[in-house]
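Asker:
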Amino acid sequence: TAEQKAAINALAEGETVTLNYPIEVSDGHGGVAYETISVTITGSNDAPVFAGSSVFTASVTENELEGAAAYTLRGTLTGLDVDTTDDLSFGPSTRAGDAFSFSGSTVQSVTADTFGELTFSNTTASGDRGGSWTFEATTAAQKAAINALAEGETVTLNYPIEVSDGHGGVAYETISVTI
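Numbers 29 to 207, taken from this note's numbering, label the letters of the sequence shown in order.
(1) I need the boundaries of the alpha helix (DSSP H) containing I207, first residue and last residue.
(2) I want to see whether chain D comes within less than 7 Å of G158, judged by CB atoms only; does it?
(3) Is the segment 50 to 68 close to the segment 177 to 186, with three or more CB pairs under 8 Å?
(4) If you draw a straight line from the alpha carbon of S131 to that of T139, how long is it in whole angstroms?
(5) Quick check on this structure: which residue in L93, T46, S72 has the alpha carbon closest to the alpha carbon of T166?
(6) Roughly how many angstroms separate the alpha carbons of D126 and S81, rounded to a whole number?
(7) So what does G125 bridge to, in DSSP terms?
(8) Hey, quick one: how far does the alpha helix (DSSP H) through A173 stretch, first residue to last?
(9) To the nearest angstrom, how far is the alpha carbon of I174 from that of S87?
(10) Does DSSP put E94 in a helix, in a strand, or in coil?
(11) Give me whichever residues DSSP pairs with T147 in a beta bridge.
(12) With DSSP as the reference, label E201 as helix, strand or coil.
(13) Measure the alpha-carbon distance for F163 versus N186 and round it to whole angstroms.
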């Protein structure tokens, strides 16, 4: 059944469950033998995925940021993993080749922190699947870079991220911040 498949798939890497089935063999003349067949199932690691409720984009206009102590955008992250005991964590991508990118700015030298910094918050409860990200411009240089954008000019910052289950299972996505 679907429930049985889900229960087996929920086994974490190395977790086992043993199913015992008693059997009886009869020769038809009163002779009976009893035995138990044991089946042991060992779980393997299933990679997590980002859930549809995750927020990967945020946009703000320069005017909306004027006068704020910190220019802040936030989004939620939700991961799913059929290995129900895995604790998921969110952070910058560690995959080879993944790198910060940007588009739309006339600024020649844009780095990941020119306009602000992207940080992550992970929930810590066992088996939890949630977290959040925050893009924040707090330094004078970051605020100046945002304020230097000409009217109608936009910059989109793309940050590769990942959700990891701590056992080698990883999924990747990109957070895009448009100013």
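Positions of the beta carbon are idealized from the N, C-alpha and C atoms, including for glycine.
Note that the structure is a prediction, hence the values are computed from the model and not measured.
Answerer: Judging by the given coordinates:
(1) From DSSP, I207 is part of no alpha helix (DSSP H); its letter is neither H nor E.
(2) Here chain D cannot be found, since the structure has a single protein chain.
(3) no
(4) 12 Å
(5) L93
(6) 23 Å
(7) Answer is none; G125 lacks a bridge partner.
(8) 168 to 175
(9) 13 Å
(10) coil
(11) T162
(12) strand
(13) 11 Å
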